[in-house]
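Numbering (the numbering used here), first residue to last: 513 to 627.
Using N, Cα and C, we set each Cβ at its ideal position, and we do this for glycine too.
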Ligand code: AMP
Ligand code: ZN
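Encoded structure:
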């Protein structure tokens with residue numbers, strides 16, 4: 513837990529969020545400013561600033577972030593229609609929140625790449 517980190521506070525329940533999934537390693541909640549009908553953020557329960565801060569010891573955590581996408585996509589009804597997974601790291605990717613998060617975006621046809 514990092515004192516001023518918004519996503520740490522969402523994980524702990526100190527800040528409200530529309531949570532759709534939580535387990536011992538990750539928490540998923542709806543993005544406050546969705547870019548598509550389904551826009552979920554999947555975050556580690558422990559504070560990791562970005563993919564630049566993942567270590568070999570985080571392999572299980574990184575794997576969990578990916579494997580829960582299937583459950584959440586099914587829950588959201590986009591498993592068959594499709595969805596996009598995005599992780600932004602650093603300034604060129606416009607990372608705004610420095611607590612690692614995986615965007616799960618779906619519910620509409622998307623062009624690639626996004627701007
Ligand atoms: P990124 O550019 O990858 O760092 O994206 C950060 C995302 O977090 C944006 O899509 C924001 O809309 C979202 N976000 C920021 N604060 C909150 C919050 N309190 N609850 C839910 N989503 C948030
Ligand atoms: Zn954090």
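The Cβ-Cβ distance between residue 555 and residue 611 falls below 8 Å. The straight-line gap separating the alpha-carbon atoms of residue 516 and residue 522 is approximately 11 Å. DSSP links residue 553 through a beta bridge to 541, 615. Under a 10 Å Cβ-count criterion, residue 618 is classified as buried, with 16 or more other Cβ atoms of the shown protein chains found around its own Cβ. Taking a 10 Å sphere around the C-beta of residue 552, we find 16 or more other C-beta atoms and assign the residue as buried. Note that the C-beta distance between residue 597 and residue 615 is below 8 Å. The continuous beta strand (DSSP E) containing residue 598 extends over residues 595-598.
With a cutoff of 8 Å on beta-carbon distance, residue 570 and residue 560 are scored as near each other. Rounded to whole angstroms, the gap between the alpha carbons of residue 527 and residue 518 is 7 Å.
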